[in-house]
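J.:
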Amino acid sequence: MFSRLVLASNNAGKLREFSALLAPLGVDEVLPQRALNVPEAEEPYGTFLENALTKARHASRLTGLPALADDSGLCVDALGGAPGVLSARFAGEPKSDARNNAYLLERLAGNTCRRGHYYCVLVLVRSEDDPQPIVADAMWPGEILTAPRGDGGFGYDPLFWLPDHQCSVAELDPATKNRDSHRGQALRQLVSKLEALR
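Note that the sequence shown covers residues 217 to 414 in my numbering.
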């Protein structure tokens with residue numbers, strides 16, 4: 217495992233989650249790309265995998281460090297998988313969780329099909345030209361509420377209901393979220409793949 221790596225994101229919520237999830241694995245420092253003056257990479261692709269790979273290579277190229285990129289989002293059945301790769305800017309620019317949540321509720325108004333899932337793809341590159349990036353993915357099924365619940369988390373968490381937990385993601389304690397979330401699942405898969413390479 218690496219003691220330092222750059223997270224190809226400036227999302228404070230993701231940084232908190234990944235730092236907490238990676239600390240027990242010996243990663244002492246997860247640096248947001250902003251701390252290393254790395255501008256955000258373009259995300260022109262229509263798939264989570266292509267976007268994550270692009271972001272990881274970009275961050276590694278500009279820092280010389282191993283880089284971890286996540287591309288994740290909410291996929292809602294009734295919206296044909298939207299917002300999908302556009303989750304962060306679903307309501308347009310500038311990015312805003314509050315605006316995205318309001319727009320999601322507007323798009324689902326009157327719709328009884330509320331099924332959806334969070335999806336995450338993680339890509340770890342050891343160098344910018346790593347010929348074998350390590351890829352992991354996972355999804356976390358749930359339903360979209362008609363109004364926000366809870367103050368924790370970020371993004372769509374206040375609207376994402378977990379039937380197994382009988383609460384929204386924003387109402388989960390952080391340890392449970394880190395364990396059960398799409399990112400938590402994908403990260404455990406990634407770590408398992410890294411350990412197999414030793």
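C-beta atoms are modelled at their ideal positions from N, C-alpha and C, and glycine is treated no differently. Given the structure is predicted, the values throughout are model-derived calculations rather than measurements.
(1) Considering only the alpha carbon of each residue, which of N327, L302, G280 and Y334 lies closest to F218?
(2) Start and end of the beta strand (DSSP E) containing F376?
(3) At the level of alpha carbons, what is the spacing between E482 and K271?
(4) Around the Cβ of C336, are there at least 16 other Cβ atoms within 10 angstroms (buried) or fewer (exposed)?
(5) Hey, A268 and L223: beta-carbon distance below 8 angstroms or not?
(6) Taking the alpha-carbon of E259 as reference, which of V385, P248, L302 and S384 has the nearest alpha-carbon?
(7) May I ask which residues mark the beginning and end of the alpha helix (DSSP H) holding S235?
(8) Taking just the CA atoms, how far does V341 sit from P347?
(9) Confirm, please, whether the CB-CB distance from A283 to L221 is below 8 angstroms.
(10) Measuring straight from C-alpha to C-alpha, what distance separates P248 and N394?
(11) DSSP state of R331, grouped into three classes?
(12) Whole-angstrom Cβ separation of L361 and L375, contact assumed at under 8 angstroms?
(13) Excluding the five sequence neighbours on either side, which residues of its own chain have a C-beta within less than 8 angstroms of the C-beta of G262, listed in chain order?
(14) To the nearest angstrom, how far is it from the Cα of I350 to the Cα of V407?
(15) Suppose you measure from the CA of L237 to the CA of K311; what does that come to, to the nearest Å?
T.: Taking the coordinates as given:
(1) G280
(2) Annotation: the continuous beta strand (DSSP E) that includes F376 extends over F376 to L378.
(3) Outside the shown range of the chain, which is 217 to 414, sits residue 482, and nothing can be said about it.
(4) buried
(5) no
(6) L302
(7) A228 to L238
(8) 9 angstroms
(9) yes
(10) 19 angstroms
(11) strand
(12) 5 angstroms
(13) V301
(14) Rounded to the nearest whole angstrom, the C-alpha separation of I350 and V407 is 9 angstroms.
(15) 25 angstroms
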